[in-house]
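Positions in the sequence shown are counted from 1; adding 224 to them yields the numbering used here.
Backbone N, C-alpha and C define an ideal beta-carbon position, used for all residues, glycine too.
Just below is one structure, and these are the notes that go with it.
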Amino acid sequence: MKWIEELQSLDMNDPGRWPLPFRVTAAFLVFIAVAAFGIYMYVYKTDVPRYRQAQRQELDLRSTFEDKQRLAASFDAYRQQLAEIERSFGTMLRQLPGKTEVDDLLVDISQTGLGAGLEEELFRPLGERHQDFYAELPIQIRLRGSFHELGEFVSGIAALPRIVTLHDIQIRSASDDAFDELILDVTAKTYRYLEDEDAEG
């Protein structure tokens, strides 16, 4: 109880006359307060933002690492997929006739119409149109025949070993009297792979 009385009797305006234990305690408390303020100003105010920024960078780097790890884990699957695409592309390229095979393909298209029982009224190859790595050869065709014969022609075109597509299809009746005699106007397009000398020219 004595120290409580001494504490109450301290003159706050004259700390130099305080007893030694109180002066040491007061100096220690002031030191703690100054140290805490210094830590707050120089550590919390400056280092904590840097720490939080480092945490954000760590999350970004972790996310990047996980993405790259996923890509690396699926690299073999991607490589197999690329090999499959290259095989498919090679197969499709083989379905494009070379320069020497185009004439045979034109004969095949014409024979498909005749083989279906259609009467060929027009078969006009138009000029080649060069694209990136292939040339497109459109052919204007007009055929006359029954609905089933037209269907057989389209089916025969689809069965050709080379790629032939049909565009601008128009079917009309040949006359008012003949209900099952139709005229088919169509543009058939075949494609040719451009060899190096074609691409340069």
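Within the region 269-357, the complete alpha helix (DSSP H) segments at least 4 residues long are 269-297, 299-318 and 326-339, listed from N- to C-terminus. Around the beta-carbon of R416, 16 or more other beta-carbon atoms lie within 10 Å, marking it buried. Per DSSP, A398 lies in no beta strand (DSSP E) segment and is marked neither H nor E.
Between K413 and E345, the gap from beta carbon to beta carbon reaches 8 Å or more. Note that the region 369-377 does not touch the region 346-356; fewer than 3 beta-carbon pairs, one per stretch, sit closer than 8 Å. In the DSSP assignment, G369 is bridged to L406. For S397 and R386, the gap between their C-alpha atoms comes out near 30 Å. Between L418 and F347, the CB-CB gap reaches or exceeds 8 Å. In this structure, the straight-line span from the alpha carbon of L329 to that of D404 is close to 29 Å.
According to the DSSP secondary-structure assignment, L253 is paired through a beta bridge with no residue. Taking every protein chain shown into account, the CB of G339 has fewer than 16 other CB atoms within 10 angstroms, so this residue is exposed.
Looking from the CA of V388, the closest CA among Y266, S334 and Q394 belongs to S334. 8 Å or more divides the Cβ of G337 from the Cβ of L384.
Burial is judged here by how many other beta carbons sit within 10 angstroms of a residue's own beta carbon; I263 has fewer than 16 and is exposed. Residue pairing from DSSP places A359 in a beta bridge opposite H354 and R416. Excluding its 5 nearest sequence neighbours in each direction, G380 has C-beta neighbours in its own chain below 7 Å: T336, G339 and A340, listed in chain order.
Per DSSP, the beta-bridge partners of L390 are A412.
Scanning its chain for C-beta atoms nearer than 8 Å, with the 5 sequence neighbours on each side dropped, one finds around D332 the residues L384 and R386, in chain order. One alpha carbon belongs to Q364, the other to D409, and they sit about 8 Å apart. A direct Cα-to-Cα measurement between P273 and Y266 gives close to 11 Å.
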